[in-house]
Structures are given as C-alpha cells and as structure tokens.
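Asker: Let me begin by handing over the structure; questions about it come next.
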Amino acid sequence: MSASMQKYTGVLVAAAIVLVGLWMSVIIVPEDQQVVIVRGGKPNRVYNAYVAGAPYGATDAGIHFHIPGYERVQRIDKRLLSVDMSQEQVLSTDQQRVNVDAYARYRITDPVKMIETARTTENVTQQLIPILSSNVRQELGKRTFTSLLTAERGQAMANIRDLLDSEARQYGARVVDVRIKRADLPDGAQESAFNRMVASRQEEAKTITARGQRDARIIRAEAEAEAAGIYAESFGKDPAFYDFYRAMQSYDVSFAKDGETGSKTLLLSPDNAYLKHFRQP
C-alpha cells in the first residue's frame, strides 16, 4: 500500500470516528418526552421540561447534544401517567362493606426531583399505589354507601386527589385527577342493601304523607274558622239578607231534579215556614 493510500485511510478512519462520535452525541427529543442529562450520577440539565401554563407551541423538543460515555440520557414521559389501584374493601359509616376500584392520573412536573427520589416513573407509580389505596379507604370510610351514588361522590374524589397530590410532590409529580371505576357491594349483600333502602324510602314516604295530612288539617281548620268569622260578620250586618241567601241555597238543593228519574216530588203545607220566602209579604 502506498504512502498516499495510508494517509487517506487514516483520514477516512478519523472522519468515521468523528461522525460516529457526533451521531452518538445527538439526542432527538420528541414532544411527548422530557430528557434529563445525568452526569456523574446526578441530573445536570433538562431538555423539553414540563412548564405549567406555558403558551401553546413553546417547546424545547428537537435535536440536542450530550457527551457519550460521560453523560447518560434518561427519558421521562411528559404525558399523563396512570396509577391503578387494586380492588379494596371499604367499610362505610352505615356498616356496608363496599368493593372499590379506583385510579389516578398524574404527570411528572419536576424530572430532576423525580430522578433524585424515585429514579424512574415506574417507581413513582409503585410508590403512589399504596398511598392511593390508603386515601381511598380513609375518605370513603367517612361516608355512607348511598352518598357514593350522589353528587357527594365528586367531593370525595377531590379530597382523595388533594391528599394524593401532597404525597406525589415529593417525587416531582402532580396528581391531576382521581376517579372511582366501580363501587359495588359484595355478592349476596346487594339484595339486603336494596331491601333496606326500599324500607327506608317507604318509611320516609309515610313520614312525608303524615306531615302533609297534618298540614292539610291545620289549613282546613284555619280556613273554616275564617269562613265562619266572615259568615258571622255578614249575619251581624244584615240578618234578613243572610237568612234569604241561605234559604235560596237550600231551595237550590231541595228542588233540584233527581239524577235518575229526572223529577222530584215534595209534599209541604202551604203555610210551612220553609216556604216563607215564596209567600207574598
């Protein structure tokens, strides 16, 4: 091999080494990832870090560089991550054993703290699972089973989220939401619980009916007393007209035709006091 060929070969090898080194030093950061550069076992810098409230399009994704062999690249998901709780049995305040299945959604907001405390997102998830289970038992144990079927359930979820979020912050994470997938009674207890609920609603209906009947009697008595007062006042002002008015009402009922035969027969003496308003004064 000639000296010129050896010279070009050395140049080509050196160029190839430089190109390989540049290729290995390149980091492609996608939009859905945060990249932490770890130097000497400690986080050194972050690319495309999550920033709360950042304007749309503000991103650090793209091509970046690191020193291969000296710096390590750790990728962290920037999207929402899930914590799925295994089914737990909770004793409610009305002594109902409820099978609860819940989940939480969280995001890594401080990747440096996450690496320093938990190393990986999988470890963060494993740390949050028992905390979520404990918070669910603690919060739902303060409530009745029927409250989980009302709007009060939303407040319970908000309380659990706040409790879990306060614990997640030590791992550089923020809990976004907590939801209950299922809250069911154990097999065999649903029918008895349903019967108790029916009995409770029937008892409540009886109470409401009795209260309504009591109020109706009071209103009717007050109305009759008021009417009697008006009649008495009217009678005192013009006794003759009151007597005439009451007599006309009586005549209207007494002389009305019978509903079945269409006629009615009354035998009265002409000088009967009942007919005094028909006689010429």
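Just so we're aligned, residue 31 is where the sequence shown starts under the numbering used here, counting upward by one.
No residue lacks a Cβ here, since even glycine has one placed at the ideal position from N, Cα and C.
Can you grab the Cα-Cα spacing for the pair Arg-102 / Thr-150, in whole Å?
Answerer: Working through the sequence shown from its first residue, we reach residue 102 at position 72. Working through the sequence shown from its first residue, we reach residue 150 at position 120. Here the alpha carbon of Arg-102 sits roughly 14 Å from the alpha carbon of Thr-150.
Asker: Can you grab the Cα-Cα spacing for the pair Ala-253 / Arg-247, in whole Å?
Answerer: As a first step, residue 253 must be located in the sequence shown, where it is residue number 223. As a first step, residue 247 must be located in the sequence shown, where it is residue number 217. Spanning the two alpha carbons is a distance of roughly 10 Å.
Asker: Would DSSP call Asn-302 helix, strand or coil?
Answerer: Locating residue 302 in the sequence shown gives position 272, counting from the first residue. Three-state result, Asn-302: coil.
Asker: Please list, in chain order, all residues of the same chain as Ser-264 whose beta carbon is under 7 Å from its beta carbon, the five residues on each side excluded.
Answerer: Taking the first residue of the sequence shown as 1, we reach residue 264 at position 234. Around Ser-264: Tyr-272.
Asker: Look at Thr-155 and Leu-111 and say whether their C-beta atoms are less than 8 Å apart.
Answerer: What you label residue 155 is simply residue 125 of the sequence shown in a count that begins at 1. What you label residue 111 is simply residue 81 of the sequence shown in a count that begins at 1. Taking C-beta atoms as the reference points, Thr-155 and Leu-111 count as a pair closer than 8 Å.
Asker: Would Gly-202 and Lys-143 qualify as a contact pair, given that the criterion is a beta-carbon distance under 8 Å?
Answerer: Mapped onto the sequence shown, residue 202 falls at position 172. Mapped onto the sequence shown, residue 143 falls at position 113. Contact flag set, yes.
Asker: Please report how far the alpha carbon of Pro-160 lies from the alpha carbon of Val-66, in whole angstroms.
Answerer: If you number the sequence shown from 1, residue 160 lands on position 130. If you number the sequence shown from 1, residue 66 lands on position 36. Each residue's alpha carbon lies about 27 Å from the other.
Asker: Exposed or buried, Val-50, counting other C-beta atoms within 10 Å across all chains shown (16 or more means buried)?
Answerer: Position 20 of the sequence shown, counted from the first residue, corresponds to residue 50. Its Cβ having fewer than 16 others within 10 Å, Val-50 is exposed.
Asker: Who are the Cβ neighbours of Thr-174 in its own chain at under 8 Å, not counting the five residues just before and after it?
Answerer: Position 144 of the sequence shown, counting from 1, holds the residue named residue 174. If we look at Thr-174 and ignore the five residues flanking it on each side, its Cβ neighbours are Ser-122, Thr-123, Asp-124, Gln-126.
Asker: Identify the continuous alpha helix (DSSP H) that holds Ser-280 and give its terminal residues.
Answerer: Position 250 of the sequence shown, counted from the first residue, corresponds to residue 280. Element bounds for Ser-280: 269-284.
Asker: Determine the contact status of Asp-18 and Ala-134, defining contact as a CB-CB distance below 8 Å.
Answerer: Residue 18 lies beyond the stretch modelled for the chain, which goes from 31 to 311, so this question has no answer here.
Asker: Quick check: the Cα distance between Pro-269 and Asn-302, rounded to an integer number of angstroms?
Answerer: The residue given as residue 269 occupies position 239 in the sequence shown. The residue given as residue 302 occupies position 272 in the sequence shown. Cα to Cα, Pro-269 sits roughly 21 Å from Asn-302.
Asker: Compare the Cα-Cα distances from Ala-132 to each of Val-76, Glu-169, Ser-284, Gln-200 and report the closest residue.
Answerer: Along the sequence shown, read from residue 1 onward, the residue named residue 132 stands at position 102. The shortest Cα separation from Ala-132 among Val-76, Glu-169, Ser-284, Gln-200 belongs to Glu-169.
Asker: Check whether the Cβ atoms of Val-59 and Gly-92 lie closer than 8 Å to each other.
Answerer: Translated into the one-based positions of the sequence shown, residue 59 becomes position 29. Translated into the one-based positions of the sequence shown, residue 92 becomes position 62. Against a cut-off of 8 Å, the Cβ pair of Gly-92 and Val-59 comes out as a contact.
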